[in-house]
Amino acid sequence: MNRAVLVVALLAGCEPFDFDFDLDFRGGTSGELGRATFGYSEGCDKGLLLPYCDLDRGYAVLRGGSAVIDVWADVPLTRLAVRSGDASVLEVANTASYPNENLHVRVVGNAVGSAPLELYDGDKLFDRVWVSVEDATRIELDPDQLVVGGTVQSFLATAYAADGRTLFGRGVIAFYADDRPTLEPTADDLANFVGTDLVVVTTPVAPGTAYVLAASLDALVTSTAIDIVDLSAVDHIELLSSGVSDAKAGILFAPFSADSRYVRGAHCMPGVDAAFAVTLELHPAGPVPKFFVGDHVAVSSVEHGDATVTCTIGAVTASTALTF
0 MNRAVLVVAL LAGCEPFDFD FDLDFRGGTS GELGRATFGY SEGCDKGLLL PYCDLDRGYA
60 VLRGGSAVID VWADVPLTRL AVRSGDASVL EVANTASYPN ENLHVRVVGN AVGSAPLELY
120 DGDKLFDRVW VSVEDATRIE LDPDQLVVGG TVQSFLATAY AADGRTLFGR GVIAFYADDR
180 PTLEPTADDL ANFVGTDLVV VTTPVAPGTA YVLAASLDAL VTSTAIDIVD LSAVDHIELL
240 SSGVSDAKAG ILFAPFSADS RYVRGAHCMP GVDAAFAVTL ELHPAGPVPK FFVGDHVAVS
300 SVEHGDATVT CTIGAVTAST ALTF
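Per numbering that gives the first Met the number 0, the very first residue in the sequence shown carries number 0; after that it's consecutive.
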């Protein structure tokens, strides 16, 4: 288990932390005129720091796919219009405001090449950035899956260009299991996955089932073997605690097999041993891949003393001590 992943998870997802940064950690690419910043968002949530992928390094739009580019600037974005300088290469499908007050621009890659994505303030060019559209030369699926049977899980596919760039663009990759199409379209607002597209499926119930998921894009095909298990596959639970701050604490519990593989779909049964009232709130890991793994337990108390918080999965229990 990479504990750095759990550290990022605590910073990003646990309630005791409230951040108010004056610095801009979003990442992204500055426009040619320096008035706006552009960044891939859907498929590129890398966590608390730099959640947007640059348009000019390492990434491009998949031909035929639908990608999202967020735009932010130090002016009211509602007065800006978004256009493509060459719709035959890159088409602007729609724009919308976003909860963090960015412009949320959905584009479609129509042909291989480059095209400017332009912002206009009235009839004047406000800023622009060049966007590349590429064909995929290979696709990859999440490898080495260990999943509790009968749970709803998502599986991520990533397409790459010939030069190794990651390609964003949903709706192009087809997924199959047992030679049958498996997926229903997933909601456009799913976040916290890093890759091209994903499918959400309910895994077979019986442990030991050999479940093979495949993905295809034009002539490209790849597959991954998914080991279906039950809760007895959990050998140990790793945890990381934020410690107590302002009468609150956050704890991540992540289940692993004997060979140190993360067991997806194995959820924590939280408990507490304390001589005073302690509130526990479980936030189980969802089906969409994130930049962290495990269940998050939020702990709080207005009283003072020592408490032991536990997580039980099957026959395995992990615990940590907190002082309020």
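A virtual CB, placed ideally from N, CA and C, is assigned to each residue, including glycine. On a predicted model such as this, the values are computed, not experimentally measured, just so you know.
Query: Local conformation of R105 per DSSP, three classes; Result: strand
Query: Residues that V211 bridges to, as DSSP identifies them; Result: A224
Query: Proximity winner among A273, H266 and D272, relative to H282 (alpha-carbon distances); Result: H266
Query: V70 and L118 closer than 8 Å at C-beta; Result: yes
Query: Own chain, CB closer than 8 Å to G84, minus 5 neighbours either side, in chain order; Result: A114, P115, L116, E117 and R127
Query: CB-CB length for A232 against L145, believed under 8 Å; Result: 7 Å
Query: Proximity below 8 Å, CB of D229 to CB of G148; Result: yes
Query: Residues that S244 bridges to, as DSSP identifies them; Result: K247
Query: Status (buried if at least 16 other CB within 10 Å, exposed otherwise) for A158; Result: buried
Query: N- and C-terminal bounds of the beta strand (DSSP E) containing Y119; Result: G112 to D120
Query: Same chain, Cβ closer than 6 Å to A213, five either side skipped, listed in chain order; Result: Y175 and S222
Query: When F275, D305, T322 and P269 are compared against I236, the one with the closest alpha-carbon; Result: P269
Query: Pick from P75, I138 and A218 that is closest to G121, judged by C-alpha positions; Result: P75
Query: Nearest-angstrom Cβ-Cβ length linking A205 and A224, presumed shorter than 8 Å; Result: Going by Cβ atoms, the distance from A205 to A224 rounds to 16 Å, so no, they are not a contact pair.
Query: Three-state secondary structure (DSSP) of T77; Result: helix
Query: Cα-Cα separation, S299 to D162; Result: 50 Å
Query: Through-space distance from V198 to V301, alpha-carbon basis; Result: 42 Å
Query: Environment of G264 [buried if 16+ CB atoms lie within 10 Å]; Result: buried
Query: Cβ-Cβ distance between G194 and L61 below 8 Å; Result: no
Query: Whole-angstrom distance between H303 and F275, CA atom to CA atom; Result: 8 Å
Query: Beta-carbon proximity list for L140, same chain, < 6 Å, skipping 5 on both sides; Result: A156, A214, T221 and T223
Query: Under the three-state DSSP convention, the category L32 falls into; Result: coil
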